[in-house]
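Encoded as structure tokens, the structure appears first; notes follow it.
In this note's numbering, the protein residues as written are 5 to 78.
Right under this line is the structure:
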């Protein structure tokens, strides 16, 4: 691959991983404030838990992709 293409892919993966981490953290903080406890998953609705689980999966996916890309291509 061309260096410019590799750099662009790295930039996109890095942005995706950072955005996913930020979104997950903001959601967690919002739920912590809403339920006034760090153990909010014990009190939240199924929909809220599912939404957080999806955010966590996205963060894990993009973080793993970025890590693998950096180890193998960058």
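Here a beta-carbon is modelled for each residue, glycine too, at the ideal position from N, C-alpha and C.
*What is the DSSP secondary structure of residue 47, reduced to helix, strand or coil?*
coil
*Quick one: using the 10 Å Cβ neighbour count with 16 as the cut-off for buried, is residue 68 buried or exposed?*
exposed
*Spatially closest choice to residue 30 from 47, 46 and 55, by CA coordinates*: 55
*Could you spell out where the alpha helix (DSSP H) holding residue 7 opens and where it closes?*
7–39
*When you compare only the Cα positions, how much space is there between residue 9 and residue 18?*
14 Å
*For residue 77, does the three-state DSSP call read helix, strand or coil?*
coil
*Which word fits residue 66, buried or exposed, when buried means at least 16 other C-beta atoms lie within 10 angstroms of its C-beta?*
buried
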